[in-house]
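So the sequence shown is residues 10 to 316, counted in the working numbering. As structure tokens, the structure follows; a few thoughts come after it.
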Amino acid sequence: MSFLAPLMFAFALTLPVIVVLYLLKLKRQRQEVPSTLLWLRSLQDLTANAPFQRLRNNLLLWLQLLIAALIVFALARPFLAMDQERNETKIVLIDTSASMQATDVEDFDTRLDQAKAMALELVDNLGPGDRMIVATFNSRTELASLPTDDASALRAAIRAIEPTDQPTDITDALVLVRSLVQRHPNPEVILLSDGALGTRTEALMEMLDEEGDAPPMRYIRCGTGGENVGLVAFSLSRGLSDQSRVEIFAEVLNATTRQVDTILELSLDGERIDAKSLTLEPEQSRGVVFTNFGDVAGTLRIQLDVD
């Protein structure tokens, strides 16, 4: 700790002055009394207030000394010198892929809502001089905020993050991380995801360490599982040869490490109109086209039935 005005400590000389005032004899006026019976009591009173008597424990004295010491300390204007080299840059990667819309989390609507709440908590825990960069990733990576220590701006950027229906590929995110850690002091990478990061994750993580030690990395899991099977594309179009007929295209992705058997069901206004069985190998995606019906009017719904 240092002081901007150390000369103000000269006012500390007031502390012994306060003590001396408690040691000095009280001044009394001379009075004539009609009886000698009061002489003894007067002598006792004079002895009790003799100059420079032994200092007695007095609560008021200690309070006055404390207040005077605090005033002198404030006048000296103390300050703490912060070491800029210790300031951290937190790089927060938030997964916004389709699997982050799963609802297997307590107290939150989706995994992404849980991830955003965790990111807001990281903002609240930023230390003096720390900065944060927020980026989102799915099949591509985007910066949600530039490096800043503005907590309000970081909170607004995090709350504005929206889910996508894209698959997950952390490739671009790790390329971005490698460029950021080289430009910012004391970086720490924090990954908020359900764990389905693609097939090249291990090789890409090693890429961060090509030019030296990798920065500290922390993975915070969202949801209860990282292996997912989901719809990643869905479109409706008119037939090329017959405009009165409707064709529906859907793409299913198996993001697990095992073979998956699933049924893709299509319904119109709650009534099932078609279904297709699919067998997907690990990390495989397949497109399905529904053409066995004519023109439709109503609400179409497509869903997966996975064992």
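The C-beta atom is built at its ideal place from N, Cα and C for all residues, glycine as well.
Going by beta carbons, leucine 102 and alanine 165 fall outside the 8 Å limit. By alpha-carbon distance to alanine 153, the top candidate from Ala128, Gln175 and Asp139 is Ala128. When the beta-carbon positions are compared, isoleucine 199 and leucine 131 come within less than 8 Å of each other. Cβ-Cβ separation between threonine 271 and aspartate 314: approximately 6 Å, consistent with a contact (criterion under 8 Å).
In the DSSP assignment, leucine 24 falls outside any beta strand (DSSP E) and lies within the alpha helix (DSSP H) extending over 23-32. Under the DSSP definition of a beta bridge, alanine 264 lacks any partner. Straight across, the Cα-Cα distance linking proline 25 with valine 190 is about 57 Å. Contact check for lysine 125 against isoleucine 170 passes: the beta carbons are separated by less than 8 Å. When beta bridges are read from the DSSP output, phenylalanine 146 appears opposite Asp104 and Thr150. Residue environment analysis places glycine 136 among the exposed positions, since fewer than 16 neighbouring C-beta atoms fall within 10 angstroms of its C-beta. Shortest Cα-Cα distance from threonine 233 to any of Glu41, Thr112, Tyr31 and Ile27 involves Thr112. In this structure, the CA atom of asparagine 263 is about 9 Å from the CA atom of leucine 240. Straight through space, the alpha carbons of glycine 307 and glutamate 280 are spaced by roughly 11 Å. The shortest C-alpha to C-alpha distance from leucine 277 to any of Gln175, Val255 and Gln110 is the one to Val255. Going by C-alpha positions, leucine 13 is about 26 Å away from leucine 72. Straight-line measurement puts the Cα of threonine 150 at about 28 Å from the Cα of leucine 245. Counting along the chain, isoleucine 282 sits inside the beta strand (DSSP E) bounded by residues 280-289. As computed with DSSP, isoleucine 257 is found in a beta bridge with Leu245 and Phe299. Where methionine 127 is concerned, the enclosing alpha helix (DSSP H) starts and stops at 120-133. Under the DSSP assignment, arginine 192 falls outside any alpha helix (DSSP H); it carries neither an H nor an E label. In the DSSP assignment, the residues bridged to arginine 227 are Ile199.
In the DSSP assignment, the residues bridged to leucine 277 are Glu280 and Leu309.
Contact between serine 11 and phenylalanine 88 holds, since their C-beta atoms are separated by about 6 Å, short of 8 Å. Taking 8 Å as the cut-off, the Cβ atoms of threonine 157 and alanine 77 do not count as close. A direct Cα-Cα distance of roughly 23 Å separates glutamate 97 from arginine 168.
Contact annotation: glutamine 312 and glutamate 260 have beta-carbon atoms that are not nearer than 8 Å. Around the CB of glutamine 123, 16 or more other CB atoms lie within 10 Å, so the residue is classed as buried. As the crow flies, the alpha-carbon of lysine 99 is around 47 Å from that of alanine 284. Out of Leu201, Pro196 and Phe146, the CA that lies nearest to the CA of aspartate 174 is found in Phe146.
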